[in-house]
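Peer 1: When the letters of the sequence shown are read in order and numbered with our numbering, they come out as residues 566 to 694.
Every residue gets a Cβ at the ideal spot worked out from N, C-alpha and C, and that includes glycine.
Please find one structure pasted underneath; my questions will follow.
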Amino acid sequence: MLRSGILNPAVNSLLSRVRHTNLLVIADRGFPFFPQIETVDLSLVDDLPKVLDVWRALIPNFSVGAVYMAEEFLGVNQPDTVSQFRQALGSVALHFEPHVMFKSRIPSAIGLIRTGDTVQYANMILESA
């Protein structure tokens, strides 16, 4: 029995298949469904869990080289929300791109973890290091 770290077996299975430079998506509750990639749905209710909750749970044992987010995130959210994301990512390179370009990357991801986050454009694509 697992005693610490990621306890969810579906998330563990998904993470174990990510290799160097593969993509993994952490998405908000409204993100479109992509039938061609595995989706692990962790959403319970609005804002539970949040994208940053999943991020913080993953990073102790997951090597991330870069994160991609939609540039629209910057325009629709308050500065303190943007600051929370930048602070949570620490030294990981953060790249913003148009949402259309962001979504075009999704089909090549290993999988997607859906949250209950209601922050607009809070979706993150993690590129493994």
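Return the CA-CA distance between S608 and L659, expressed in angstroms with no decimal places.
Peer 2: Looking at the two C-alpha atoms, the distance is approximately 25 Å.
Peer 1: Assign D593 to one of two classes, buried (16 or more other C-beta atoms within 10 Å of its C-beta) or exposed (fewer than that).
Peer 2: Buried, because 16 or more other Cβ atoms sit within 10 Å of the Cβ of D593.
Peer 1: When DSSP labels each residue in this structure, what does H664 get in the three-state scheme?
Peer 2: DSSP places H664 in helix when its eight states are reduced to three.
Peer 1: Using a Cβ-Cβ cut-off of 8 Å (strictly less than) and excluding sequence neighbours within five positions of V641, which residues of its own chain qualify?
Peer 2: Excluding positions up to five away in sequence, the list reads Q685, Y686.
Peer 1: Quick one: complete alpha helix (DSSP H) runs, 4+ long, within the stretch 596 to 629?
Peer 2: DSSP runs (the alpha helix (DSSP H)) wholly in the stretch 596 to 629: 616 to 623.
Peer 1: R651 lies in the alpha helix (DSSP H); which residues open and close that run?
Peer 2: It spans 644 to 654 - the alpha helix (DSSP H) in which R651 sits, taken as one unbroken run.
Peer 1: Which residue or residues does DSSP assign as beta-bridge partners of A631?
Peer 2: A631 is bridged to A658, E692.
Peer 1: What do you reckon, are the CB atoms on N688 and V610 nearer than 8 Å?
Peer 2: No, the Cβ-Cβ distance between N688 and V610 is not below 8 Å.
Peer 1: So, under 8 Å CB-CB, A674 and L588 are touching, yes? Tell me the CB distance rounded to an integer number of Å.
Peer 2: Indeed they touch by this definition, with Cβ atoms about 4 Å apart.
Peer 1: Measuring only the C-alpha atoms, how far is A622 from G595?
Peer 2: The alpha-carbon atoms of A622 and G595 are separated by roughly 21 Å.
Peer 1: So the candidates are L639, A631, F661; which of them puts its Cα closest to the Cα of G655?
Peer 2: It is A631 whose Cα lies nearest to the Cα of G655.
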